[in-house]
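Sequence positions in the sequence shown follow the working numbering and run 1 to 492. Just so you know, even glycine gets a beta-carbon here, dropped at the ideal spot from N, CA and C. Please read these numbers as outputs of a predicted model, since none were measured by experiment. Inspection log for the structure reproduced underneath, given as structure tokens.
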Amino acid sequence: MAAALATLLILFIVTIVYFTLIKRSPKNLPPGPPAWPLIGTLLPKLKKQPHVELTKLARTYGPLMLLKFGVEPVVVASTHDAAMQVLKTHDRILSGRFAPHSVRIKGYVEHSMVWADCTEYWKMVRKIWRTELFSTKMLDAQAGIRERKVGELMVFFRKKEGEVVRFADVIFGCILNILGSVVFNNDVYNYYDVDDNNDKGMKGMIRQLMVLAAIPNLADLYPVLGTSDFQGLRKASAECVTRMNQSWAKIVRERRASGDHSRNDFLDVLLQQNFSDPQIDALLLEIFGPGSDTSTSTIEWAMAELMRSPETLKKVQDEVKTVVGNNREVMESDLANLPYLHACMKETLRLHPPVTFLLPHRATETCQVMNYTVPKGCQLMVNTYAIGRDPKTWDEPLRFKPERFVNSEVDYQGNDFHYIPFGAGRRICPGLSLATRVIRLILASLIKDFEWSLPNGMHPSELDMQDKFGLALLKDVPLLVVPKLITSHLPI
1 MAAALATLLI
11 LFIVTIVYFT
21 LIKRSPKNLP
31 PGPPAWPLIG
41 TLLPKLKKQP
51 HVELTKLART
61 YGPLMLLKFG
71 VEPVVVASTH
81 DAAMQVLKTH
91 DRILSGRFAP
101 HSVRIKGYVE
111 HSMVWADCTE
121 YWKMVRKIWR
131 TELFSTKMLD
141 AQAGIRERKV
151 GELMVFFRKK
161 EGEVVRFADV
171 IFGCILNILG
181 SVVFNNDVYN
191 YYDVDDNNDK
201 GMKGMIRQLM
211 VLAAIPNLAD
221 LYPVLGTSDF
231 QGLRKASAEC
241 VTRMNQSWAK
251 IVRERRASGD
261 HSRNDFLDVL
271 LQQNFSDPQI
281 DALLLEIFGP
291 GSDTSTSTIE
301 WAMAELMRSP
311 ETLKKVQDEV
321 KTVVGNNREV
331 MESDLANLPY
341 LHACMKETLR
351 LHPPVTFLLP
361 HRATETCQVM
371 NYTVPKGCQL
381 MVNTYAIGRD
391 PKTWDEPLRF
401 KPERFVNSEV
411 DYQGNDFHYI
421 PFGAGRRICP
431 GLSLATRVIR
441 LILASLIKDF
451 EWSLPNGMHP
461 SELDMQDKFG
471 LALLKDVPLL
481 VVPKLITSHL
491 PI
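Now the structure itself:
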């Protein structure tokens, strides 16, 4: 046994040395910080806040820079022109996907849309998402569902008037219920359930998956390790995915057995298209997972920024009250008449993007980007955090200033590479239309119906605005708020 282990160790070392010291690298690679053989680029702060560290490094090494994660080359695009090269000019070649080993779970990754390459299956699924879930026609038809779920959120906050509430947890639950109602006509979160609020329900499973996916994996740094799972990340992810699948398995099984597709929800669409259970599981996981966490973080950041800026909060509150009044709830049809609210959301997405790096791309062929060589198989990361805070593009980039988006033609549809919170090109977030509706509807309702304060007399200027790196950019210190009702139309 000892001899076998020694042999494997020698083979491992020889393979590593070959790939790092003997195998010749392509010429004319992008510049970057020095990298150690076997270890790669050593950056003390990279583990805790890579988005901040890589933004600083880009000032030295330029818009396109090369890092080594272990033995793997990674190219980082940190400016709008570099992002345009990756996401538009060379979109076809650079739209491959790098899937970390922690998500390469049997029965999931082969049916994934988020982590799959742009195959025919991927194109077919994305078309279904675009037409049956996120089209303007479908979103308009389902507006009443979202308004009802946001109304339930407002009722919960009324019942918690004067109490300290962990803001993001409750918002997360509302978004889960919006998605659950659209997907299979069911709530998946109970505001008053102890398990749901202690992260034992779907909310907890989603957050665990997001954490696991963001942890550096040895197998990603050293491909010679193959499918090894020394850290147990893939096992933990698989267990979490299994629990998630079990939460809707009964609904899928009963719906499939009955043959009744009269609910006209997204599950009906998938069943009518003859999707298998593993395919449905993968797609539902990706609807509930990334979308709920990123939308929650955006709303939390927006509320924190508005509380720290009383003049801005009053301005947007006055706008909402002028349009909606005090005797009814906000409706999605009101959103088009709330330009300053829209500007506040845009500014939040600029300063606190849902993801600091777009999910990693992979070069399917060797190509030239900004006169540098990006080799086939190389991983690429687009630093949306750096792009949104680039002083060459944005005046006072670290200041929350919604006015910069008033009467501005800059949008988040992937047309302006100075501002790509949802990405661009063929990999642009398919759910951005739903996300931006939900974010504005919830924000407008919160600021119209309630005044908000912090616990124990804390002043908003004392709020900790430090972020925490992950697949979604979260507040390091969760926002705790105390709601006070200022309208009378909400039921008790």
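- Taking one beta carbon from each stretch, the region 305-325 and the region 339-346 have 3 or more pairs nearer than 8 Å; the two touch.
- Annotation for Val-477: Asp-464 place their beta carbon closer than 6 Å to its own, counting only its chain and skipping 5 residues before and after.
- Per DSSP, reduced to three states, the secondary structure at Gln-142 is coil, with no helix or strand assignment.
- In the assembly as shown, Arg-328 is an exposed residue. Its beta-carbon has fewer than 16 other beta-carbons within 10 Å.
- Beta bridge pairing from DSSP links Phe-357 with Asn-383.
- Where Ala-77 is concerned, the enclosing beta strand (DSSP E) starts and stops at 72-77.
- In the DSSP annotation of this structure, the continuous segment of the beta strand (DSSP E) that includes Lys-68 starts and ends at 64-69.
- Taken in chain order, the unbroken stretches of alpha helix (DSSP H) that lie wholly in the region 376-452 and span 4 residues or more are 384-388, 432-449.
- Taking C-beta atoms as the reference points, Leu-94 and Val-76 fail to come closer than 8 Å.
- Gln-85 is classed as buried because its beta carbon has at least 16 other beta carbons within 10 Å across all chains shown.
- Boundaries of the alpha helix (DSSP H) around Thr-55: 50-61.
- Cβ-Cβ separation between Leu-485 and Glu-161: approximately 5 Å, consistent with a contact (criterion under 8 Å).
- Counting every other CB atom within 10 Å of its CB across the protein chains shown gives Thr-136 a total below 16, marking it as exposed.
- Leaving aside the five residues that flank Leu-233 on each side, the residues in its chain whose CB is nearer than 8 Å to its CB run, in chain order, His-101, Ser-102, Leu-212, Ile-215, Asn-217.
- Just so you know, the alpha carbons of Val-114 and Glu-286 end up roughly 7 Å apart.
- Rounded to the nearest angstrom, the Cβ distance from Phe-288 to Met-210 is 11 Å, too far for a contact under 8 Å.
- In summary, Lys-314 is exposed, with fewer than 16 beta-carbon neighbours lying within 10 Å of its beta-carbon over all protein chains present.
- Excluding sequence positions up to five before and after Ile-428, its CB lies within less than 7 Å of the CB of Gly-414, Phe-422, all in the same chain and listed in chain order.
- Beta bridge pairing from DSSP links Gln-368 with Thr-373.
- Look at Asp-464 here: in three-state DSSP terms it is coil, with no helix or strand label.
- In the three-state scheme derived from DSSP, where H, G and I count as helix and E and B as strand, Lys-475 is classed as strand.
- Counting the other CB atoms within 10 Å of its CB gives Gln-273 a total below 16, which places it among the exposed residues.
- Going by C-alpha positions, Leu-283 is about 8 Å away from His-111.
- Counting along the chain, Lys-88 sits inside no beta strand (DSSP E), nor does DSSP assign it H or E at all.
- According to the DSSP assignment, Pro-483 belongs to the beta strand (DSSP E) that extends over 480-485.
- One Cα belongs to Lys-48, the other to Lys-401, and the distance between them is close to 27 Å.
- In the assembly as shown, Asn-456 is an exposed residue. Its beta-carbon has fewer than 16 other beta-carbons within 10 Å.
- Rounded to whole angstroms, the Cβ separation of Val-252 and Ile-280 is 6 Å, and the two are in contact under 8 Å.
- The region 148-165 makes contact with the region 437-454: 3 or more CB pairs, one atom from each, lie closer than 8 Å.
- Residue state for Ala-116 is assigned as coil, using DSSP reduced to three classes.
- Judged by DSSP secondary structure, Glu-286 falls within the alpha helix (DSSP H) whose first and last residues are 277-308.
- Counting along the chain, Phe-167 sits inside the alpha helix (DSSP H) bounded by residues 167-184.
- The alpha carbon of Arg-389 has as its nearest neighbour, out of His-352, Cys-367, Lys-376, Val-406, the alpha carbon of His-352.
- With distances taken between CA atoms, Lys-149 lies nearest to Phe-172 out of Thr-131, Leu-133, Phe-172.
- Among the bridge pairs identified by DSSP, Arg-97 is matched with His-361.
- Ile-39 and Leu-67 have their C-alpha atoms some 11 Å from each other.
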